[in-house]
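K.L.:
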Amino acid sequence: MENTKKLTGKDLINVGIYTAMTLVIFFVVGLLTALPVVYPFLFIIWPIVCGIPMMLYYTKIQKFGMLTITGIIGGIFFYLIGYGWIGLLGWVLGGILSDVVLKIGGYQKFKVTVLSYACFCLGIMGCPANLWFAGEAYWENIHTSMGDQYANTLQSLMPSWMLYVGLALLFVGGFLGALLGHKMLKKHFERAGIV
129 MENTKKLTGK
139 DLINVGIYTA
149 MTLVIFFVVG
159 LLTALPVVYP
169 FLFIIWPIVC
179 GIPMMLYYTK
189 IQKFGMLTIT
199 GIIGGIFFYL
209 IGYGWIGLLG
219 WVLGGILSDV
229 VLKIGGYQKF
239 KVTVLSYACF
249 CLGIMGCPAN
259 LWFAGEAYWE
269 NIHTSMGDQY
279 ANTLQSLMPS
289 WMLYVGLALL
299 FVGGFLGALL
309 GHKMLKKHFE
319 RAGIV
C-alpha cells in the first residue's frame, strides 16, 4: 500500500470519531461549571479525563492535519454554543500547535505524544478565556442567566491571574492525562509502534 502524506477517508473517519468522543466527554465534564466553586479545578480535570480518548486517537495519527481538524471542529462547536471567536481561536491554535509538535517529533515517540497532547490542552483555554477577554457584556449575561450570587462567586474565583495559572494547569493536566491514557491503552500504543 502506498504511503501518502495526504489525509485519507479513513483518517477523516478517525478524526470524526475521536473528536466527537472527546468533545462529548469535555462537554459533560464542563457541565460541572453549574457549580462555580468547581470552575478552577476544571483546568486540571478536563485534560486528565479527555486524555484517555485522546491517547487512543494518537495511536491512529500518522499525518499532519488531524489534530488541526480536531481543533477546528472543537472551536466551531464552542463558537456555536456561545463561546464566540475566543473559544474558536483557542481550540484552533491548540490543534495547530499540537500537530506541529507531533510532526516535528516524527509521530513515533511517546514523549512527543505527551508534549503534543499537553499543547493541545492549552487550546482548551479558549472556553474560559471569555471570563477575562469578552468584557462586561459577557459578565452581564452571566449575571442575567445564572444570577448574581453565581456571577459574584465566579468572579472571586477567577481573577485575571487565573488565566496564567489555568494555562499552567492545562499543560500539566495534559501531561497527566497523556500518562493515564497511555497506561490504560498500553497495548494499543505497542501495536501502533509508539514507544
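Quick note on this note's numbering: the sequence shown kicks off at 129 and runs consecutively. Using N, Cα and C, we set each Cβ at its ideal position, and we do this for glycine too.
Quick check on the DSSP output: what are the complete beta strand (DSSP E) runs of length 3 or more inside the segment 234-259, in order along the chain?
P.N.:
If you keep only unbroken beta strand (DSSP E) runs of at least 3 residues inside the segment 234-259, you get nothing at all.
K.L.:
Which term fits I209, buried or exposed, when burial requires 16 or more other beta carbons within 10 angstroms of its beta carbon?
P.N.:
exposed
K.L.:
What does a CB cutoff of less than 7 angstroms around Y167 pick up in its chain, not counting 5 residues either side in sequence?
P.N.:
Excluding positions up to five away in sequence, the list reads T161, L282, L285, M286.
K.L.:
Label G234 either buried or exposed according to how many other C-beta atoms from any shown protein chain fall within 10 Å of its C-beta, with 16 as the threshold for buried.
P.N.:
exposed
K.L.:
Could you check how far apart the C-beta atoms of G302 and C249 are, in whole angstroms? I think they sit under 8 angstroms.
P.N.:
At roughly 4 angstroms, the Cβ-Cβ gap stays under 8 angstroms, so G302 and C249 are in contact.
K.L.:
Which value, in whole angstroms, describes the spacing of the CA atoms of G144 and I204?
P.N.:
14 angstroms
K.L.:
DSSP state of K133, grouped into three classes?
P.N.:
coil
K.L.:
In terms of residues, what are the limits of the alpha helix (DSSP H) holding M286?
P.N.:
Taken as a continuous stretch (DSSP letters only), M286 belongs to no alpha helix (DSSP H), as it is neither H nor E.
K.L.:
Am I right that V240 and L225 are in contact with their C-beta atoms under 8 angstroms? What's the rounded C-beta distance?
P.N.:
Actually they do not touch by this definition, with Cβ atoms about 13 angstroms apart.
K.L.:
Counting C-beta neighbours from all protein chains within 10 Å, is the total for A265 16 or more, i.e. buried, or is it exposed?
P.N.:
exposed
K.L.:
Once the 5 residues before and after L221 are set aside, which same chain residues still bring their CB inside 7 angstroms of it?
P.N.:
G251, listed in sequence order.
K.L.:
In whole angstroms, give me the CA-to-CA distance for W260 and N269.
P.N.:
14 angstroms
K.L.:
Output the distance between the C-alpha atoms of G137 and M194, rounded to the nearest integer angstrom.
P.N.:
12 angstroms
K.L.:
Residues in the same chain with beta-carbon distance under 7 angstroms from G199, minus the five sequence neighbours each way, listed in chain order, please.
P.N.:
W219, V220, G222, G223, I224, G251
K.L.:
Rounding to the nearest angstrom, what Cα-Cα distance links F110 and M182 in this structure?
P.N.:
Outside the displayed span of the chain (129 to 323) sits residue 110, for which this structure offers no information.
K.L.:
Going by C-alpha distance, which of N258, M312, V177 is nearest Y207?
P.N.:
N258
K.L.:
For V165, which of V157, L298, Y278, L307 has the nearest alpha-carbon?
P.N.:
Y278
K.L.:
Measure the beta-carbon distance from G294 to Y245 and round it to whole angstroms, keeping in mind my assumption that it falls under 8 angstroms.
P.N.:
About 17 angstroms separates the two Cβ atoms, so there is no contact after all.
K.L.:
Indicate the three-state DSSP secondary structure (helix, strand or coil) for Q190 in the structure shown.
P.N.:
Here Q190 sits in coil by DSSP.
K.L.:
Is the beta carbon of G158 sitting closer than 8 angstroms to the one on L170?
P.N.:
Yes, the Cβ-Cβ distance between G158 and L170 is below 8 angstroms.
K.L.:
Excluding the 5 residues flanking E130 on each side, which residues of the same chain have their C-beta closer than 7 angstroms to its C-beta?
P.N.:
Low confidence applies here, because E130 scores a pLDDT of 41, under 50, leaving its location unreliable and the question unanswered by this model.
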